[in-house]
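Asker: Got a structure for you, written out below as C-alpha cells; questions coming shortly.
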Amino acid sequence: MEGWGEGLESCPGSKAGLGAGPAATEELTRHLSKQETMGFFLILVLLGGIVCNFFGVHSEQLSGIGNGFFSTGEEKPGGKIQAVQFFVGLFGEFKGVQIKINSKWSEKYGLSSGNPEKFTLWEGESIIKVSGYHNLCIYSITMETNFGRAFTFGEPVANPGQRFTASPPQEGMALSGIKGLYDIICIKKLAFDWKFIPEITHPQIK
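Counting from 1, position 50 in the sequence shown corresponds to residue 37 in my numbering; the numbering is continuous, with no gaps.
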C-alpha cells in the first residue's frame, strides 16, 4: 500500500490489514491522546496496515499545532448519504464538511468558517466516484453518481495542485463516509469510505 497523499484511489473500509480490524483500531486509539493517535495512524500507514488512504499533503507534514481529525458517517453506520455539504473559504480552500444521513445533517466537521456548497442526491442515487485537487489545502472536489450526475464543489484556483481520484473497490459499493485532517487554515487531507448499498441502481437512459 502506498503512503498518504500519493496516487491513492480508495478507502474500502473492509479490512485493516496486519490482523488489525476497525474494532481493534478503535479500541487502541480510544486510549491515546490526539497527538499519539496521529502517530499511531502514521505507523500503520508505513506498515501498510491502515484501512483508509488520505489525499493531501505528505505524511511528514502531519505533525504540528492545530491538526485535527474528523470522521463523518459513524453516527449512523447503517444509513445512506442523502446530501453532502462542503464549506469553502475566500481563497478556494476547503474549511469544513457535513453529510446528511436518514434525513438528518451531521455536525459540521473541520473549521466553523466558509461558504456552504451543497449537493443533494435523488431517491436511489449514490456517490460512486470522487475526484479533485489538493495542494497545501483541498481546493476542488467533484462527486459523480450512479445516475450519471456530477457536482463540483469549489471554484477554479490559479494553482490547484495535484489531481486525485477515488472510487469503490467493488461494483455495488458507494460512498458512506468522509474522513479528514485539518489545521487552523483548511482541510489538508481527505479519505473516502465505501460500503455496499443494496438498493444502488444504474438507471438505463431511454
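Ideal Cβ positions, reconstructed from N, Cα and C, are used throughout, including at glycine. Note that the structure is predicted; figures quoted are calculated from it, not measured.
Taking the straight line between their C-alpha atoms, what separation do you get for residue 7 and residue 95?
Answerer: Counting from 1 along the sequence shown, the entry for residue 7 is found at position 20. Counting from 1 along the sequence shown, the entry for residue 95 is found at position 108. With a pLDDT of only 36 at residue 7, under 50, the local geometry of the prediction cannot be trusted, and no value is derived from it.
Asker: With DSSP as the reference, identify every bridge partner of residue 169, one or two as the case may be.
Answerer: The count along the sequence shown starts at 1 and reaches residue 169 at position 182. For residue 169, which the question treats as bridged, DSSP gives the partners 55 and 174.
Asker: Rounded to the nearest angstrom, what separates residue 184 and residue 71 at their Cα positions?
Answerer: The residue you call residue 184 lines up with position 197 of the sequence shown. The residue you call residue 71 lines up with position 84 of the sequence shown. Approximately 17 Å between the Cα atoms of the pair.
Asker: Among residues of its own chain, excluding the 5 on either side of residue 144, which ones have a beta-carbon nearer than 6 Å to its beta-carbon?
Answerer: Residue mapping note: residue 144 aligns to position 157 of the sequence shown, counting from 1. Same-chain partners within the cutoff: 79 and 126.
Asker: Using only alpha-carbon positions, find the residue among 68, 90 and 76 that is nearest to residue 174.
Answerer: As a first step, residue 174 is located in the sequence shown; it is residue number 187 there, counting from the start. Ranking 68, 90 and 76 by Cα distance to residue 174 puts 76 first.
Asker: DSSP state of residue 144, grouped into three classes?
Answerer: As a working mapping, residue 144 is identified with position 157 in the sequence shown. Note: residue 144 maps to coil in three-state DSSP.
Asker: Quick check on residue 136: does DSSP put it in helix, strand or coil?
Answerer: Locating residue 136 in the sequence shown gives position 149, where the first residue counts as 1. Note: residue 136 maps to coil in three-state DSSP.
Asker: Where does the unbroken beta strand (DSSP E) through residue 118 begin, and where does it stop?
Answerer: The sequence position of residue 118 within the sequence shown is 131, counting from 1. Element bounds for residue 118: 114 to 121.
Asker: Quick check: the Cα distance between residue 117 and residue 55, rounded to an integer number of angstroms?
Answerer: As a working mapping, residue 117 is identified with position 130 in the sequence shown. As a working mapping, residue 55 is identified with position 68 in the sequence shown. Distance between the alpha carbons of residue 117 and residue 55 is about 22 Å.
Asker: Is the beta carbon of residue 86 sitting closer than 8 Å to the one on residue 114?
Answerer: Here residue 86 refers to the residue found at position 99 of the sequence shown. Here residue 114 refers to the residue found at position 127 of the sequence shown. No; because the gap between Cβ atoms is not below 8 Å, this pair is not in contact.
Asker: Could you check what DSSP says for residue 99 in three-state terms: helix, strand or coil?
Answerer: Taking the sequence shown and counting its residues from 1, the one referred to as residue 99 is at position 112. Coil at residue 99, not helix or strand.
Asker: Might you give, ordered along the chain, the residues of its own chain that have their beta carbon closer than 8 Å to the beta carbon of residue 106, omitting 5 neighbours on each side?
Answerer: Position 119 of the sequence shown, counting from 1, holds the residue named residue 106. Closer than 8 Å at Cβ, skipping near neighbours: 70, 71, 72, 130, 138 and 140.
Asker: Is it buried or exposed, residue 166, if we count other Cβ atoms within 10 angstroms and call 16 or more buried?
Answerer: Counted from its first residue, the sequence shown places residue 166 at position 179. Answer is buried; the Cβ neighbour count reaches 16.
Asker: Does the separation of the CB atoms of residue 132 and residue 110 fall below 8 Å?
Answerer: As a first step, residue 132 is located in the sequence shown; it is residue number 145 there, counting from the start. As a first step, residue 110 is located in the sequence shown; it is residue number 123 there, counting from the start. The answer is no: Cβ separation not under 8 Å.
Asker: Kindly indicate which three-state DSSP category residue 159 falls into: helix, strand or coil?
Answerer: The count along the sequence shown starts at 1 and reaches residue 159 at position 172. Looking at residue 159 - three-state DSSP - the assignment turns out to be coil, as it is neither helix nor strand.
Asker: Using the beta-carbon count (16 or more within 10 Å), is residue 60 buried or exposed?
Answerer: Indexing the sequence shown from 1 puts residue 60 at position 73. It counts as buried.
Asker: Out of curiosity, what's the CA-to-CA distance linking residue 171 and residue 154?
Answerer: Looking up residue 171 in the sequence shown gives position 184. Looking up residue 154 in the sequence shown gives position 167. Distance between the alpha carbons of residue 171 and residue 154 is about 29 Å.
Asker: Rounded C-beta distance between residue 99 and residue 83? I'm assuming under 8 Å.
Answerer: Counted from its first residue, the sequence shown places residue 99 at position 112. Counted from its first residue, the sequence shown places residue 83 at position 96. Indeed, because the Cβ distance is near 7 Å, the residues count as touching under 8 Å.
Asker: Using a threshold of 8 Å, state whether the C-beta atoms of residue 97 and residue 122 are closer than that.
Answerer: As a working mapping, residue 97 is identified with position 110 in the sequence shown. As a working mapping, residue 122 is identified with position 135 in the sequence shown. Their beta carbons are not under 8 Å apart, which means residue 97 does not touch residue 122 by this criterion.
Asker: Have a look at residue 93 and residue 146 and give me their C-alpha separation to the nearest angstrom.
Answerer: Translated into positions along the sequence shown, residue 93 becomes position 106. Translated into positions along the sequence shown, residue 146 becomes position 159. Roughly 31 Å separates the two Cα atoms.
Asker: Going by CA-CA distance only, name the one from 58, 57 and 65 that's closest to residue 182.
Answerer: One-based indexing of the sequence shown puts residue 182 at position 195. Among 58, 57 and 65, the Cα nearest to that of residue 182 belongs to 65.
Asker: Cβ atoms of residue 162 and residue 179: under 8 Å apart, would you say?
Answerer: As a first step, residue 179 is located in the sequence shown; it is residue number 192 there, counting from the start. As a first step, residue 162 is located in the sequence shown; it is residue number 175 there, counting from the start. Result yes, Cβ atoms of residue 179 and residue 162 sit closer than 8 Å.
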